[in-house]
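Count along the sequence shown from 1, add 1, and you get the number used in full-length UniProt numbering.
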Amino acid sequence: ADNYPQPLLVDTNALVARSLARAGVDRMFGVVGIPVTGLANRAVAHGIRFIAFHNEQSAGYAASAYGYLTGRPGILLTVSGPGCVHGLAGLSNALANAWPMVLISGSSDQRDVGRGDFQELDQIAAVKPFSKFSVKATNIAQIPSCVFQVLDHAGSGRPGGCYLDLPSDVLHQTMTEAEAEKLLIDAEKERKQEGVKIVSNSEIEKAVSLLRNAERPLIVFGKGAAIARAEHSLKKLVETTGIPFLPTPMGKGLLPDTHELAATAARSLAIGKCDVALVVGARLNWLLHFGDPPKWSKDVNFILVDICEEEIELRKPCLGLVGDAKEVVEMINKEIKEDPFCLGKSHPWVEAISKKSKENVLKMEAQLAKDVVPFNFLTPMRIIRDAIVGMGSPAPIVVSEGANTMDVGRAVLVQTEPRARLDAGTWGTMGVGLGYCIAAAVASPDRLVVAVEGDSGFGFSAMEVECFHFAIFPTGLNLVTWFGNICCNANSRLHTTSFTDGRLIPSSCKQLIAISPNFFKHSVNQVDLIPLRRIIQWTPSTQHFKQHHSKRVHIRLFYQLRSIIFCGGFG
Ligand code: ADP
């Protein structure tokens, strides 16, 4: 028999990789090890870039954010047992934020279940609360179909995290090349997206009539509108009707914060007094005070646009429009075009919002203009804001996390472009920063990424700066951090100290640029190129820097560095 040519064999690792590549997957985040190293190698051979992390948690955050930024599921690959459990952080983050993501984990040999196998865990049960859809492939023949199913469920309908379980015995199975190809072709034919109900013309007419007859209408939009890429349709709607708008934190930038109809700086007035609110791709959850009084008027009529019918059933709005945000807003625009209306600048509601916004902006500017030493939150935030604004287009992707750092950042940092702000999100997840930076840099290699982080938030995943360096910027990462030494809680002080005395500084980090009150005191003119060893020698002290710091130094940094991480010393 040895004289006859053997048919070419394909194993499960190769078939998973090939199925992913066929579906257009070109990036994968994760941590390799037994039993998925072969899978990662095969994926790389199929042109999929593998971005290796220190920990599955950050890799999962990256995969979820990559899904949000690109609109295509981000993939996280983990080993079995603990690897899968670490991956749950990212999976749950994707589910909570309604972002498309797929977790693929190896799992222990099916034949040894119940015998205490290496890393044995019922992973399908473990992922259940955190996944939209999950499936275990129990045989190589199921692979193409399972891969396409998880991708299609993750990316269609309301996006979310899905899970694919690959037992190690299945990973070793093989089939012939011809069988594999046939399975792939058959499974491709079976692919289907989750169905979405098509909104009716009469519902659109009703929505337009509600908006037209409102005295104080408001348009609210969020992450769902961002993922639908509804920015142009929303701009048209806002500008033809003259209705003020309010973005949610990550909806910021779909229309520029600087737009004259932006109600961001008059948020309390806008939501407290509006009588009709068109809410596009944003849940009436805690971020929007559940749509309840006293934040909202008790008489407000909500028109909700959401791809998820259950979401509309849950909120019981005056009118629910199920569908893709972009398509529904375009239908509304078309209906308005038949009989246009525009509030105009002198409309009492528009005037009230505009007046309140201006007042609040002026108040904030007065605070920002003060150079407070030692730093409060506002002074460094203003410096960062001015530098970002000065960069023009494309605007950097801003990653913002921390407690006060994020809150102040949301108010001060200006967003002018869609999907350019990533923060702790619906789940209020801390530690997402580095993963999000990496996802942003991978999704948009030509854009600058600026992370403005509290040092506590940063500390959660600080080690991933190394991944950032190796995977994203082989020319060297420049890390800018400042240690304010004010308001430090025990947690952040710990992070700060371990970071500054060198224990946490990755070997690959070529230079660490510290902007700290103490540091300024000693070397105010050398701030931009401080060798790492200098930082290691630096010992935090309780003294505060007493002099006015140089604004120019900070701004120059923005132009010199490929990517910047600002890390406040205040949690
Ligand atoms: P935010 O945090 O910005 O308020 P949420 O995450 O709470 O936003 O809400 C986003 C909503 O958008 C979810 O209810 C989700 O079902 C919905 N959504 C997701 N994709 C789309 C889409 N393409 N069109 C319309 N709605 C969408």
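We treat Cβ as the ideally placed atom computed from N, Cα and C, and that holds for glycine. None of these values were measured; they are calculated from a predicted model.
>> Measuring straight from C-alpha to C-alpha, what distance separates Gly-61 and Glu-336?
In response: The residue labelled residue 61 in the question sits at position 60 within the sequence shown. The residue labelled residue 336 in the question sits at position 335 within the sequence shown. If I take the Cα positions, the gap works out to 42 Å.
> Around the C-beta of Glu-261, are 16 or more other C-beta atoms found within 10 angstroms, so that it is buried, or is it exposed?
Replying inline: Reading the sequence shown from its first residue, position 260 is the one you call residue 261. Classification of Glu-261: exposed, given that the 10 Å Cβ count is below 16.
> In three-state DSSP terms, what is Ser-59?
Replying inline: Position 58 of the sequence shown, counted from the first residue, corresponds to residue 59. In this structure, DSSP gives Ser-59 a helical state, which the three-state scheme calls helix.
> Identify the residues that DSSP records as bridge partners of Val-400: which are they?
Replying inline: In the sequence shown, counting from the first residue as 1, residue 400 sits at position 399. BP columns for Val-400 point to Leu-423, Ala-452.
>> Helix, strand or coil, according to DSSP, for Tyr-69 in the structure here?
In response: Within the sequence shown, the letter at position 68 stands for residue 69. The answer is helix: DSSP assigns Tyr-69 an H, G or I state.
> Does DSSP classify Val-17 as helix, strand or coil?
Replying inline: For the purposes of this step, residue 17 is identified with residue 16 of the sequence shown, where counting begins at 1. Val-17 falls in the helix class under three-state DSSP.
> With contact counted as at least three CB pairs below 8 Å, one residue from each stretch, are the segment 121-135 and the segment 86-102 in contact?
Replying inline: yes
>> Here's a check: name, in chain order, each residue in its chain whose Cβ is nearer than 8 Å to the Cβ of Val-80, leaving out the five neighbours to either side.
In response: Indexing the sequence shown from 1 puts residue 80 at position 79. Excluding sequence neighbours, Val-80 sits near Val-32, Val-33, Gly-34, Ile-35, Pro-36, Val-37, Ser-106, Gly-107, Gln-120.
> Of all the options Lys-237, His-348, Ser-401, which has the alpha carbon lying nearest to the alpha carbon of Glu-328?
Replying inline: As a position in the sequence shown, residue 328 is number 327, starting the count at 1. Ranking the options by Cα distance to Glu-328, first place goes to Lys-237.
> Closer than 7 Å: is that where the CB of Ile-220 sits relative to any heavy atom of the ligand ADP?
Replying inline: Mapped onto the sequence shown, residue 220 falls at position 219. Not a single heavy atom of the ligand ADP lies less than 7 Å from the C-beta of Ile-220.
> Sorted by chain position, which residues of the same chain lie with C-beta nearer than 6 Å to Leu-379's C-beta, five sequence neighbours on each side aside?
Replying inline: Here the question's residue 379 lines up with position 378 in the sequence shown. Excluding positions up to five away in sequence, the list reads Gln-368, Leu-369.
> Any idea if Ser-59 is buried or exposed, counting beta-carbon neighbours within 10 angstroms, 16 or more meaning buried?
Replying inline: Counted from its first residue, the sequence shown places residue 59 at position 58. Buried: at least 16 other Cβ atoms inside 10 Å.
>> Measuring straight from C-alpha to C-alpha, what distance separates Glu-312 and Leu-322?
In response: Working through the sequence shown from its first residue, we reach residue 312 at position 311. Working through the sequence shown from its first residue, we reach residue 322 at position 321. Approximately 11 Å, taken between the alpha carbons.
> Quick one: is Pro-160 buried, meaning 16 or more other Cβ sit within 10 Å of its Cβ, or exposed?
Replying inline: In the sequence shown, counting from the first residue as 1, residue 160 sits at position 159. Buried is the call here.
>> Under DSSP, the alpha helix (DSSP H) around Asn-214 begins and ends at which residues?
In response: Stepping through the sequence shown from its first residue, residue 214 is reached at position 213. From DSSP, the alpha helix (DSSP H) with Asn-214 extends over 202-214.
> Which residues in the same chain as Val-413 place their Cβ atom closer than 6 Å to its Cβ, once the five residues preceding and following it in sequence are excluded?
Replying inline: Along the sequence shown, read from residue 1 onward, the residue named residue 413 stands at position 412. The answer, listed in chain order, is Met-382, Arg-386.
> Is Arg-284 near the ligand ADP, going by C-beta to nearest heavy atom under 7 Å?
Replying inline: As a working note, residue 284 is residue 283 in the sequence shown. Using a cutoff of 7 Å, the CB of Arg-284 counts as near the ligand ADP, since one of the ligand's heavy atoms is closer than that.
> If you draw a straight line from the C-alpha of Val-453 to the C-alpha of Met-392, how long is it?
Replying inline: The count along the sequence shown starts at 1 and reaches residue 453 at position 452. The count along the sequence shown starts at 1 and reaches residue 392 at position 391. Their backbone Cα atoms lie some 16 Å apart in a straight line.
> How about Ala-427 and Thr-259: do their beta carbons lie closer than 8 Å?
Replying inline: Counted from its first residue, the sequence shown places residue 427 at position 426. Counted from its first residue, the sequence shown places residue 259 at position 258. The amino acid at residue 427 is misidentified as Ala; the sequence shows Thr. Contact flag unset, no.
>> Measuring only the C-alpha atoms, how far is Met-102 from Lys-317?
In response: Position 101 of the sequence shown, counted from the first residue, corresponds to residue 102. Position 316 of the sequence shown, counted from the first residue, corresponds to residue 317. Their backbone Cα atoms lie some 29 Å apart in a straight line.
> Would you call the CB atoms of Val-443 and Ile-76 closer than 8 Å?
Replying inline: For this step, residue 443 is matched to residue 442 along the sequence shown. For this step, residue 76 is matched to residue 75 along the sequence shown. No, Cβ-Cβ distance for Val-443 and Ile-76 is not below 8 Å.
>> I'd like to confirm something about Pro-6: is its beta-carbon nearer than 7 Å to some heavy atom of the ligand ADP, or not?
In response: As a first step, residue 6 must be located in the sequence shown, where it is residue number 5. Flag unset: Cβ of Pro-6 not near the ligand ADP.
> Out of curiosity, what's the CA-to-CA distance linking Asp-166 and Ala-226?
Replying inline: Along the sequence shown, one-based indexing puts residue 166 at 165. Along the sequence shown, one-based indexing puts residue 226 at 225. Their Cα atoms are separated by approximately 31 Å.
>> Relative to the C-alpha of Val-171, which candidate in Pro-145, Ala-181, Ile-141 has its C-alpha closest?
In response: Counted from its first residue, the sequence shown places residue 171 at position 170. Ranking Pro-145, Ala-181, Ile-141 by Cα distance to Val-171 puts Ile-141 first.
>> Quick check: the segment 216-223 against the segment 394-410, are at least 3 beta-carbon pairs closer than 8 Å?
In response: no
> Can Asp-307 be considered in contact with the ligand ADP, in the sense that its beta carbon sits closer than 7 Å to one or more heavy atoms?
Replying inline: One-based indexing of the sequence shown puts residue 307 at position 306. Yes, since a heavy atom of the ligand ADP falls inside the 7 Å radius drawn around the Cβ of Asp-307.
> Which residue's Cα is closest to the Cα of Gly-432: Asn-56, Ala-44, Arg-23?
Replying inline: As a first step, residue 432 must be located in the sequence shown, where it is residue number 431. Comparing Cα positions, the closest option is Asn-56.
>> Going by beta-carbon coordinates alone, are residue 573 and Ile-439 separated by less than 8 Å?
In response: A query on residue 573 cannot be resolved here, the shown segment of the chain reaching from 2 to 572 and no further.
> Just to confirm, are Leu-10 and Thr-175 a CB contact at a threshold of 8 Å?
Replying inline: Position 9 of the sequence shown, counting from 1, holds the residue named residue 10. Position 174 of the sequence shown, counting from 1, holds the residue named residue 175. Against a cut-off of 8 Å, the Cβ pair of Thr-175 and Leu-10 comes out as a contact.
>> Nearest by alpha-carbon distance to Glu-232: which of Pro-245, Gly-243, Lys-253 is it?
In response: Working through the sequence shown from its first residue, we reach residue 232 at position 231. Comparing Cα positions, the closest option is Lys-253.
>> Considering only the alpha carbon of each residue, which of Arg-23, Thr-430, Ala-425, Ala-421 lies closest to Asp-187?
In response: Translated into positions along the sequence shown, residue 187 becomes position 186. Minimum Cα distance to Asp-187 is reached at Arg-23.
>> Does the structure place the segment 39-52 close enough to the segment 180-200 that three or more beta carbon pairs sit under 8 Å?
In response: The segment 180-200 vs the segment 39-52: no contact.
>> So, with DSSP's three-state summary, where would you put Ala-278?
In response: For the purposes of this step, residue 278 is taken as the residue at position 277 of the sequence shown. Three-state DSSP puts Ala-278 in a strand.
> Can you tell me the Cα-Cα spacing of Val-415 and Val-390, whole angstroms?
Replying inline: As a position in the sequence shown, residue 415 is number 414, starting the count at 1. As a position in the sequence shown, residue 390 is number 389, starting the count at 1. When rounded, the distance between both Cα atoms is 7 Å.
> Among residues of its own chain, excluding the 5 on either side of Asp-447, which ones have a beta-carbon nearer than 8 Å to its beta-carbon?
Replying inline: Indexing the sequence shown from 1 puts residue 447 at position 446. Around Asp-447: Pro-395.
>> Please classify Gln-194 as buried or exposed, where buried requires at least 16 other C-beta atoms within 10 Å of its C-beta.
In response: Stepping through the sequence shown from its first residue, residue 194 is reached at position 193. Looking at its Cβ environment, which holds fewer than 16 other Cβ atoms inside 10 Å, Gln-194 is exposed.
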